[in-house]
Structures are given as C-alpha cells and as structure tokens.
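Asks:
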Amino acid sequence: MSPWAGIAWLVILLLGNAFFVAAEFAVMTARRSQIEPLADAGSKRAKVTLGAMENVSLMLACSQLGITVCSLLILNVAEPAIHHLLAEPLHVIGLDDNIAGPVAFVFTLALVTFLHVTFGEMVPKNMSVSAADKAALLLAPPLVLISKVVRPLIVALNWLANHIVRLFGIVPQDEVTSAFTLKEVQSIVEESTRSGLVDDQTGLITGALEFSSQTAGGIMVPLDSVVTMAPEATPVDFERMVGKTGFSRFVFADDAGNLLGYLHLKDVLRIPLERYEMAIGEGRVRSMVNIAASEEIEDVLAVMQRSGSHMARVMDPSEQAVGVLFLEDVIEQLVGEIRDATQTQIQDRRRS
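Add 8 to the 1-based position in the sequence shown for my numbering, that's all there is to it.
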C-alpha cells in the first residue's frame, strides 16, 4: 500500500470512528418526545430511530464493535504510511534506520492519538450531544442497517455482556429511559417560570407537581372541627344546618362520637314530605371509606373515586379516627380552591 493510500485509509477510519461515536451518543441522549410525533406523522426515518432507541443495548454493542475495529486499524494503517513519508526527511538530517524507526513510531503515535481523540471521539460526541434529536434521525438509520449485517456477532456479544452485568446484580436495559423524576420536572418548571417561558399564576402546575407530597393527615379536617349530626336528626334539622353553615354535606355520628357516614342535601330532598318530621336514621346515611393518615393524596383520590365516596375517615396507626377528609380538599391540592355551590348561593342570598 502506498503512503498516500494509507493516509486516505486513515481519514476513512477516523470518519468511521466518528460515525459510531456520534451514533452511540445520539441514540442514548435523543428524546422520545421529539421523535415520536415525527413517527406518528409517518416519517420512516423517525420510526427506525425509535426502533433503535428501543433496542439501545444492541445499538451500543454495534457502535462499540465499530469503534473498536476502527481504533485498532487506525494505528496499523497510519504507522507504515507516516513512516514512509518521514523516512526521507529523517535520513536527510542524518538519522540512521535504528533511530529513525522509533522516532517515526513516536511521532505517528502522538499524531494519531491527537487525531483519534479530537476528530474521532470528542468532536463527534459534542456535536451529537448538542443536537441529539437531529443526530439520532440522521445517524440511527445507518447504524440500524449496519447492526443487521453484523447482528449474529453483536447478539452474541450483547448476550455475554448482559449476563456479566447480571452477575453484579444489575438489570440490563434495552430501552433508553426518557422519563424525568419529580424533582427534575419541578426544577424545569421553576427555571422556565423564572425565565418567563411558563406562566403559572394560578398555581396549577405547581399544585400538580406537589400533589404527591401531600398526605391525608396533612389536609384532613380534625374531628373537633367537623360539624356532625345525630341519626335522630330530621330532614328539617338537616335543612336548618345547611342554612346555618352553608355546607351541603354533613357527617353523622353516634353518641360515642363514632363516625357513621355522611349525607348530602340532595339525599334529604328525596325524602317524602310526610317524613320530614321523622328521624333520618342510619339507613339513609352514605358509607365512608377509611384512609390511613400517612396515605399520599393521589392514592386517596384513587380510593375515593373507586368507592364513589365524597368523604373518608382518616385513621391513625391505632385504627382510631382522627379526622375527616373531603373530596373537595383533595382536588383543591391539584386545581386550587373550590367553593361549595350551595354555600356560595346561600351567601349570595344573605348579601342580597
């Protein structure tokens, strides 16, 4: 091989190494949220890229194989070529072959190392990370094509690598994780709000992010603050209490203070008029679900939705009721203050 052919192969191998490095980082850092809309719109390139991101283990094996082959060949190709190009200048300055050989090797090693690290590794890596989505769309399809050609080899290597990883108690992943933790999302929202990119004057976004940090015990109404009624109360008593407090739901408790359930105004309105002077009784009272005080309110909301209950008993570790949780209070943690329609209408009538 002539020296200039060796230099040409050096350039080709550097470009090949740069391709595999850039493709590896592109597949690892690209965001699915940017690729999926293009795939849904019918882009074949985006669909192939998504496939690469879902099989990242094989893509990395292919990239590493390509990087290793290119790296090993670079010095083997470059040393003879550069040595021949340096031979005449080294002889001109009076160096014999015993000295010219080591000098040429050291110079070649330094030059190839510089070119390999700079143009074969760092430059493509930085370019790929800076524009990961575009780089993935550009580089993932050819990487997938190459992986199909060498699939038997990389499948074997990947199988071996996964089993070695499992020996260390780590579960191998075949798909890029593109989700953010709650703290990361909160940080993004805070930074976006400060820079003016997000307007959260209503507090809806902040409330949604902080939703999971609340517990039932933190937003419940303590027992001593709950307005209760006795089962002996009549519909007339109930309506008087609605007019007095403006609330549309009331908890029913027995003489010992045990919470029996709750009743809504619309339940009372269904009672025939001839029974308005009679006790409502426990039979008409709606049941309440029991919720641990330490329960996160997103789990509380799920329980109340499944049961259809608008109120819940909040229990301490000893299974004693310590408060009542209203569905409105749970939802308010997410969307802000909610006013009881009945209470608002009564207040409007009082003002008029």
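The C-beta atom is built at its ideal place from N, Cα and C for all residues, glycine as well. Bear in mind that the values here come from a model prediction, so they are computed numbers and not experimental data.
Output yes or no for whether 9 Å exceeds the beta carbon distance between G225 and G331.
Replies: Taking 9 Å as the Cβ cut-off, G225 and G331 qualify as a contacting pair.
Asks: What distance in whole Å lies between the Cβ atoms of I82 and T116, which are believed to be in contact at a cut-off of 8 Å?
Replies: Not a contact, Cβ separation roughly 10 Å.
Asks: So, are the CB atoms of L46 and A54 less than 9 Å apart?
Replies: The answer is yes: Cβ separation under 9 Å.
Asks: Taking just the CA atoms, how far does Q42 sit from G289?
Replies: In a straight line, the C-alpha of G289 is about 59 Å away from that of Q42.
Asks: I need the straight-line Cα distance from A238 to A287, nearest angstrom please.
Replies: Straight-line Cα distance between these residues: approximately 9 Å.
Asks: At the level of alpha carbons, what is the spacing between E327 and M135?
Replies: If you take the alpha carbons of E327 and M135, they lie about 60 Å apart.
Asks: Thinking C-beta only, is L335 closer than 9 Å to M312?
Replies: For M312 and L335, yes; Cβs fall inside 9 Å.
Asks: Less than 9 Å between the C-beta atoms of V322 and M228, yes or no?
Replies: A contact, by the Cβ cut-off of 9 Å.
Asks: DSSP on G299, reduced to helix/strand/coil?
Replies: Checking the sequence, you will find Ile at residue 299 rather than Gly. Three-state DSSP puts I299 in a strand.
Asks: Provide the residue span of the alpha helix (DSSP H) that contains R321, from first to last.
Replies: It is not in any alpha helix (DSSP H) - R321 instead sits in the beta strand (DSSP E) that spans 319 to 323.
Asks: Determine the direct distance from the alpha carbon of A320 to that of F33, and round the result to whole angstroms.
Replies: Going from the Cα of F33 to the Cα of A320 covers about 51 Å.
Asks: Are C78 and G24 touching if we call contact CB-CB under 9 Å?
Replies: Yes, the Cβ-Cβ distance between C78 and G24 is below 9 Å.
Asks: With DSSP as the reference, please indicate the residues paired to P1 in a beta bridge.
Replies: Residue coverage of the chain in this structure runs from 9 to 360, which leaves residue 1 outside it and unanswerable.
Asks: Assuming contact is defined by CB atoms lying nearer than 9 Å, are A143 and A31 in contact in what I supplied?
Replies: Yes.
Asks: In its own chain, which residues sit with a C-beta less than 6 Å from the C-beta of L145, not counting the 5 before and 5 after it?
Replies: Closer than 6 Å at the Cβ level, and outside the excluded window around L145, lie R53, T57.
Asks: Give me the Cα-Cα distance between H124 and F28, rounded to the nearest whole angstrom.
Replies: Their backbone Cα atoms lie some 13 Å apart in a straight line.
Asks: Alpha carbons only, please: which of F255, Y270, G50 is nearest the one belonging to D262?
Replies: When only C-alpha atoms are compared, the closest one is Y270.
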